[in-house]
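Structure, as C-alpha cells:
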Amino acid sequence: MSNKIKVLKTAALITFIIAVFAGLIYSRIKAYSLAPTMKPSDFHGLPIWYIPIAYLMDYFSHGWICLLFAFVTAGLIYELIPKEAITKYMGGGKAIGYGVALVMAPFLTVCSCTMVPLFAGIIYSGAGIGPAITFLLMAPSSNILAILLTGDMLYWELAEARILASIIVSLTAGLIISKTPWGKAIEKEYSVNNASQQEKTIEIVKSPLDERLLSALKFGGYLAKQILPFFIFGLIAVSYVEAYLPEDIVGEYLTGVKGVLIASVLGGPLYTPTLVEIVIGRGLWSLGMSKGALLAWLMGQPYDVANALAVSRIAKWKVVLTYMLIAWIGSVTLGLIYGIISGSL
Amino acid sequence: MTIIIEVIGVEPPCKRCAAVEKNVKQAVEKLKNEGMDDVTVKKLDIASKDVVSKYGILLSPALAINGKVRVAGRIPTVDEIIKLVRSEVQK
C-alpha cells in the first residue's frame, strides 16, 4: 500500500514539474513577453498609488510562469547535481579547483548557507585562496536564477555576456589574489593537512526519488521566499523610476564611457543576490541606458556587502578590498568592450 | 550503544541549518521514548578548521552520525534521522 502511495506521489511531482516546463515552452512558442510590457509613457496620467499596482499586475500576469520555472529549475538542479563530487574535487588542487569553481558555482544557487562554508572549506582544504575567490565571485552573478531572469527580463545575449564577463572577472581576481603576499599569508595560516583524504568519514545516504523531488521543490520554495519580497520591492521601485525619471537624464548620464563608470558604481550598492539589480537594470535600460552600461550595472559582485562581511571573517580585509577593486575594474572594462561590440555605448 | 549526532552548519545558524537542528531534536525525543537515551547532539561550525580537517569540504546543512557524514546540503526529515540512527545501532 505504502508503495502505491509512493508511486503516486512521484508521479504527481513529475507531472507538476513537466507542467511547469511545458508552460514555459508554450509561452515561448506563443511568443508571449515574459517581461513587463508597460512603457514609460503608459504611466502618464496614472494616480501615484496605482503606478506600482499597474506595473506588478502587468508583470505577474505573464511573468509568473518564468518565475515559477526559474525557482523550480534552481531547486531541481541544486538537488540533483552530485554534491559530494563537487566538494571532493574542490579540494583536489589548484587547477581542478579553478575549473570546478567556474563550472559548478552557477549550479549552486545563492544562499549564504552554501557560499560561506564552501569558501572557507576551499581555503582550508588546500586548494587555496584563488579558487575560493573565483567561486565566491562567480556564484552570485552567474547562478541559474540570475541567468534565467536576466535572459527573460532583459535579453539572452546579455545573459551570455554576463556569464562570460563573470568568468573573466572571477578567474582574474582569483589568480591575482593568490599571488599577493596577503593572499598567500592566509593560505598558509589556514591550510590543514589531509583534508581531502577523508572519504571514510563520508557516507552520504541516497533518498528515494519522490523524496528528492519533494525536497527539490521545497528548496525552490525556500529560495522564492527569500528572494521574492526583494524582487517585488524592486519592481515597485522600477515602476516609479520608469514613471518619473526623465529619459533625457538617463540618456545624458547612463550612456557612453561616463555611463559605464556611473553604472558600475551605482549598480554596486544595489547589488544583492536577490535579483533586484536585474529588475532595476531593466527599468533604466527601457529609459535609454546603453548596453555597455547595463552590463557594468549587472556586474556588481564586488559590492556584495553580506558576502564581503562573511568573507572578511575568514580572509582579511585586504583580500576583500583587493577583489573588490579587481572586480570593479573588470566591470568597467568589460562594460566598455561590450558596449563597443554591441554598438551601444 | 552511544550515538553522537553532529549537526554541521554555519555560525550563526541559517534557516536551513536551524531546521535540521529542530528535526534532530524531535528525532532524539522520539528515540528517547523508545528507550534509546544514549544520544548526544552536538553542533559544529562548518567553516571551522576542525570540521574541515575531519570531514573535508561539505555543503551545509550536514549531519554526521558517530563520525560519519550521512547527509549534506539538504534537510533530512525526522523519520529519516531516526532510520539513520537505527541502522547505526544495528551495526
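Quick mapping for you: the protein sequence lines, in order, are chains A and B.
The opening residue of the first sequence carries number 1 in my numbering; numbering runs sequentially from there.
The opening residue of the second sequence carries number 1001 in my numbering; numbering runs sequentially from there.
No residue lacks a Cβ here, since even glycine has one placed at the ideal position from N, Cα and C.
| Item | Value |
| --- | --- |
| Closer than 8 Å to chain A by CB, L1044/B | no |
| For L145/A and I65/A, the rounded distance between their alpha carbons | 13 Å |
| Where E203/A meets chain B, residues with beta-carbon distance less than 9 Å | K1068, V1069 and R1070 |
| Any alpha helix (DSSP H) of 4 or more consecutive residues that is wholly inside the stretch 250-330 of chain A | 256-270, 276-286, 291-298 and 305-314 |
| CB-CB length for T1040/B against I1004/B, believed under 8 Å | 5 Å |
| Against chain B: residues of the stretch 112-134 of chain A by CB proximity under 9 Å | S112, C113, T114, V116, P117, L118, F119, A120, G121, I122, I123, Y124, S125 and A127 |
| Residue(s) in a DSSP beta bridge with V1039/B | I1003/B |
| CB contact below 8 Å: S207/A versus chain B | yes |
| is_contact[E1080/B, chain A] using C-beta, thresh 8 Å | yes |
| A195/A, buried or exposed, once every other Cβ within 10 Å from all chains shown has been counted against 16 | Since pLDDT at A195/A reaches only 47, below the 50 mark, its modelled position is unreliable, and the value read off the structure follows with that caveat. So A195/A ends up on the buried side. |
| Contact set between I314/A and chain B, taken where Cβ atoms lie within less than 7 Å | A1047 |
| Beta-ladder partner(s) of D1045/B, from DSSP | G1009/B |
| Cβ contact (3+ pairs, closer than 8 Å) linking the stretch 1047-1063 of chain B and the stretch 1030-1037 of chain B | no |
| Proximity below 8 Å, CB of K258/A to CB of S344/A | no |
| Three-state class that DSSP yields for A1062/B in the structure shown | strand |
| D1079/B versus M1001/B, C1017/B, L1044/B and K1022/B, residue with shortest Cα-Cα distance | K1022/B |
| Helix, strand or coil at K1068/B according to DSSP, with G and I counted as helix | strand |
| Beta carbon of L213/A nearer than 8 Å to that of T10/A | yes |
| Inter-residue Cα distance where the pair is I1046/B and A237/A | 37 Å |
| Cβ of G1056/B within 8 Å of any chain A Cβ | yes |
| Residue-level contact to chain A via CB, G1073/B, 8 Å cutoff | yes |
| 6 Å Cβ shell around G251/A - same chain, five flanking residues per side excluded | G288 |
| Enclosing alpha helix (DSSP H) for G174/A [first to last residue] | W156 to K179 |
| Cβ pair count under 8 Å reaching 3, the stretch 145-156 of chain A against the stretch 117-135 of chain A | no |
| Contacting residues, own chain, Cβ-Cβ under 6 Å from Q1026/B (five flanking each side not counted) | V1078 |
| Per DSSP, the bridge partner or partners of I202/A | V1069/B |
| Cβ of V1041/B within 8 Å of any chain A Cβ | no |
| Where the stretch 1-22 of chain A meets chain B: residues whose CB sits under 9 Å from a CB there | none |
| F60/A - DSSP class collapsed to helix/strand/coil | helix |
| When W49/A, T73/A and K39/A are compared against A19/A, the one with the closest alpha-carbon | T73/A |
| Through-space distance from K39/A to I14/A, alpha-carbon basis | 38 Å |
| Nearest to G267/A (by Cα), restricted to the options G256/A, D210/A, I341/A and L294/A | L294/A |
| Cβ-Cβ distance between V332/A and V320/A below 8 Å | no |
| The stretch 40-57 of chain A in contact with the stretch 121-134 of chain A per 3-pair CB rule at 8 Å | no |
| Inter-residue CB distance, F299/A and L334/A (contact presumed, cutoff 8 Å) | In the sequence as presented, Phe is not what sits at residue 299/A; that position holds Met. The Cβ separation is near 7 Å, so the contact holds. |
| L1084/B: contacting residues in chain A (beta-carbon distance under 9 Å) | V205 |
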